[in-house]
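Chain order of the listed sequences is H and Y. Under this note's numbering, the first residue of the first sequence carries the number 170, and numbering increases by one thereafter. Under this note's numbering, the first residue of the second sequence carries the number 170, and numbering increases by one thereafter. Beta carbons: idealized from backbone N, C-alpha and C, even for Gly.
Protein chains: 2
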Amino acid sequence: MGCLCSDTRGWREENLPCDLRDEEETQRFLQRQGDRRVAAADAIISTGGTTERRCFRVMEGVARVVLVDVEGRRQVVRFAFPRDYFGLSRGERELTAEAVSHAALLEFDAGRRQGLSKCNPHLARQVATAMRSNLGQAMEHVVLLGRKTPRQKLAGFLRMLHRHLGLGDVVPVPMPRTDIADYVGLTPETVSRAFADLRQRKVVNFFDRHLLRVDLPALVTIADGGT
Amino acid sequence: MGCLCSDTRGWREENLPCDLRDEEETQRFLQRQGDRRVAAADAIISTGGTTERRCFRVMEGVARVVLVDVEGRRQVVRFAFPRDYFGLSRGERELTAEAVSHAALLEFDAGRRQGLSKCNPHLARQVATAMRSNLGQAMEHVVLLGRKTPRQKLAGFLRMLHRHLGLGDVVPVPMPRTDIADYVGLTPETVSRAFADLRQRKVVNFFDRHLLRVDLPALVTIADGGT
DNA sequence: CGCTCATTTGAAAGGCCTCAAAGCTGGTGG
DNA sequence: CCACCAGCTTTGAGGCCTTTCAAATGAGCG
Chain H
170 MGCLCSDTRG WREENLPCDL RDEEETQRFL QRQGDRRVAA ADAIISTGGT
220 TERRCFRVME GVARVVLVDV EGRRQVVRFA FPRDYFGLSR GERELTAEAV
270 SHAALLEFDA GRRQGLSKCN PHLARQVATA MRSNLGQAME HVVLLGRKTP
320 RQKLAGFLRM LHRHLGLGDV VPVPMPRTDI ADYVGLTPET VSRAFADLRQ
370 RKVVNFFDRH LLRVDLPALV TIADGGT
Chain Y
170 MGCLCSDTRG WREENLPCDL RDEEETQRFL QRQGDRRVAA ADAIISTGGT
220 TERRCFRVME GVARVVLVDV EGRRQVVRFA FPRDYFGLSR GERELTAEAV
270 SHAALLEFDA GRRQGLSKCN PHLARQVATA MRSNLGQAME HVVLLGRKTP
320 RQKLAGFLRM LHRHLGLGDV VPVPMPRTDI ADYVGLTPET VSRAFADLRQ
370 RKVVNFFDRH LLRVDLPALV TIADGGT
């Protein structure tokens, strides 16, 4: 994983990162500041309840942020896709993060990340944008969980997936059915039946379990509550 | 509602609000910058879908942020309590905000609010904190909606209410049962039965429908998944 | 005091979950 | 290259719990 960055105008170390002029330079700067880290499929990236204040940025692959309650019921609170941050808020650091598939991450000390933000407006903006986006996603997740039928829930989930990973009308589904179930608040069996339902309606079309083609307009209609 | 602020060292208008030294001064500054507004019970404060970029801060009373889908199903995305902001994010501005009971608010133009944040670090920090808090709340809401029984959902809701409005072990419940139902993703009937359930277990005790005493430790145990 | 509406209570129906088993897939070793 | 195995996914049947529908109760208000 060699550094492709041929630009070596040295950052005059930490006292002057404010020189960063654009997003691209900020990216390269970040890659120097964070610790590069890889995680195999299903590997635990960080566990809640520790006092460590670490946050992450997904570079490749997908991560899931999970809470398991006293009775063993699992809730996937969100998925983090390439370019997403997670662990920015206190509450999220109390959850567990795992790799869905093989993933590459940048790891930061949360305090140090805040310090970097203070003197790097690009980074600060990026993080602020990430938080706004997280908040919007969480609100959508709330709506999805509260008042939807299984079909609508799955459609909403697939629309979300399409936004993050979609290529035209082709959508990769990297996570297992159990993860989907724990994200939308259903059992894997019901998720499977909802998939069958959407397939019958020709809203989705399987290449295989982890890759499908979607009829996006129909998907959106169903996700928003239309039949 | 006269201005109790006897301090009239004039803010040298908008170019120098950076002089604000502490939270209290920031409060007074805000009250000058925002438009004071009151809303009667059930009055609509702002409706989604408009192009207006307005955000609000609740000064007194409680507001609810609501989404009604195509089929008429309603989801209360969150309640906003005194000192809370809402409408900070794009997504939230697309929803509808209503007063639960008589409420007093401060209204801002969202763009102008951002401008104020830029040159007033106290305000910026307050808003950033509000967003982190909103995000944490949304995550808790997701967990509450996803994998809980009616009893656990109601317990989780009451714990949230206790955090915001609780006085010792007394909790006011300003909103009607239908709002609670649409917040926790149940019907009013089921909410009513869950109340009866918690009352039987002596976890809650009614003064009347809108005021109750709670056994907080028991409430927390149930909310977190314990029986 | 009577009215209206929110809430509670009751009974029946439908849908999701549970339990169970078959099918498929991807990976491994011969 | 093929066969086998383990685990994920799908399919099926039955039960429980929430919803739905309906009516009674209670509270707030003119």
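- [ ] Could you tell me whether any Cβ in chain H is nearer than 8 Å to the Cβ of Glu358 of chain Y?
- [x] no
Task: Extent of the continuous alpha helix (DSSP H) to which Glu309 of chain H belongs - done: Pro290 to Gly315
Open item on the list: Between the alpha carbons of Thr177 of chain H and Thr195 of chain H, how many angstroms are there, rounded?
Closed with: Its pLDDT being 34, under 50, Thr177 of chain H is placed unreliably by the model, and the measurement read from it follows with that caveat. Going from the Cα of Thr177 of chain H to the Cα of Thr195 of chain H covers about 14 Å.
Open item on the list: Measuring straight from C-alpha to C-alpha, what distance separates Val383 of chain Y and Asp377 of chain H?
Closed with: 52 Å
Open item on the list: For Pro426 of chain H, which residues in the same chain have their Cβ closer than 7 Å to its Cβ, ignoring the five residues on either side in sequence?
Closed with: In the structure as shown, chain H starts at 170 and stops at 396, and residue 426 of chain H therefore has no counterpart that could be examined.
- [ ] Would you decide whether Gly256 of chain H is buried or exposed? Buried here means 16 or more other CB atoms lie within 10 Å of its CB.
- [x] buried
Open item on the list: Quick test of your reading: Arg262 of chain H and Gly230 of chain H, contact by CB under 8 Å. State the CB separation rounded to the nearest angstrom.
Closed with: Actually they do not touch by this definition, with Cβ atoms about 20 Å apart.
- [ ] For Arg320 of chain Y, collect the residues of the same chain with a Cβ closer than 7 Å to its Cβ; drop the 5 residues on either side in sequence, then sort them by chain order.
- [x] Ala363, Asp366, Leu367 and Ile391
Open item on the list: Using 8 Å for Cβ pairs, my map puts Ala266 of chain H next to Phe326 of chain H. What's the rounded Cβ distance?
Closed with: Contact doesn't hold; Cβ gap of about 19 Å is too wide.
TODO: Find the nearest neighbour of His271 of chain H within the set H:Leu388, H:Arg281 and H:Met344, judged by alpha-carbon distance.
DONE: H:Met344
Task: Within-8 Å CB hit, Val312 of chain Y to chain H - done: yes
Open item on the list: Residues in the same chain with beta-carbon distance under 8 Å from Ser215 of chain H, minus the five sequence neighbours each way, listed in chain order, please.
Closed with: Glu221, Arg223, Phe225, Gly256, Arg262, Thr265 and Ala266
Task: Nearest to Met329 of chain H (by Cα), restricted to the options H:Ala249, H:Glu240, H:Ala212 and H:Ile213 - done: H:Ala249
Task: CA nearest to the CA of Gln244 of chain Y, picked from Y:Met300, Y:Tyr254, Y:Pro251 and Y:His310 - done: Y:His310
Open item on the list: With DSSP as the reference, identify every bridge partner of Ser215 of chain H, one or two as the case may be.
Closed with: H:Ala266
Task: Proximal chain H residues relative to Ala307 of chain Y, where beta-carbon distance stays under 7 Å - done: Leu304, Ala307, Met308 and Val311
TODO: At 8 Å on the CB atoms, spell out the chain H contacts of Gly394 of chain Y, in chain order.
DONE: Asp238, Val239, Glu240 and Arg242
TODO: Would you list the one or two residues that DSSP bridges to Pro341 of chain H?
DONE: H:Leu380
TODO: Determine the DSSP secondary structure at Asp204 of chain H, reduced to helix, strand or coil.
DONE: strand
Task: For Leu355 of chain H, the residue or residues it bridges with in DSSP - done: According to DSSP, which records beta bridges pairwise, Leu355 of chain H is partnered with nothing at all.
Open item on the list: Is it buried or exposed, Lys371 of chain H, if we count other Cβ atoms within 10 angstroms and call 16 or more buried?
Closed with: exposed
TODO: Look at Leu304 of chain H and Met300 of chain Y and say whether their C-beta atoms are less than 8 Å apart.
DONE: yes
Task: Residue(s) in a DSSP beta bridge with Arg226 of chain H - done: H:Tyr254 and H:Leu275
TODO: Measure the CB-CB distance between Val353 of chain Y and Leu313 of chain Y and report whether it falls below 8 Å.
DONE: yes
Task: Spatially closest choice to Gln161 of chain Y from H:Ala297, H:Leu285, H:Ala279 and H:Gln283, by CA coordinates - done: A question about residue 161 of chain Y goes unanswered here, because the residues of chain Y that appear run from 170 up to 396.
Task: Residues near Val237 of chain Y in its chain [Cβ-Cβ closer than 6 Å; skip 5 each side] - done: Arg243
Task: Leu236 of chain Y, enclosing beta strand (DSSP E) - first and last residue - done: Ala232 to Val237
TODO: List the endpoints of the continuous beta strand (DSSP E) containing Gly249 of chain Y.
DONE: One point to set straight first is that residue 249 of chain Y is Ala, not Gly, in the sequence displayed. Arg243 to Ala249 is the span of the beta strand (DSSP E), which, as asked, contains Ala249 of chain Y.
Task: DSSP-derived helix/strand/coil call for Val389 of chain Y - done: helix
Open item on the list: Short of 7 Å Cβ to Cβ, which residues in the region 256–271 of chain H face chain Y?
Closed with: Ser258, Arg259, Gly260 and Glu261
Task: Close Cβ partners of Thr396 of chain Y (< 7 Å) along its chain, the five nearest in sequence each way excluded - done: none
- [ ] Quick one: grab the DSSP three-state call for Val360 of chain Y.
- [x] helix
Open item on the list: I'd like to know if Gly315 of chain H contacts chain Y, where contact means its C-beta is closer than 8 Å to some C-beta of that chain.
Closed with: yes
Open item on the list: Just list the residues that DSSP pairs Leu336 of chain Y with in beta bridges.
Closed with: Y:Val339
Task: Sub-8 Å separation of Val235 of chain Y and Leu274 of chain Y beta-carbons - done: no
Open item on the list: To be precise: take each residue of the region 326–356 of chain Y, compare its Cβ to all Cβ atoms of chain H, and keep it if any distance is under 7 Å. Which residues remain?
Closed with: Gly354
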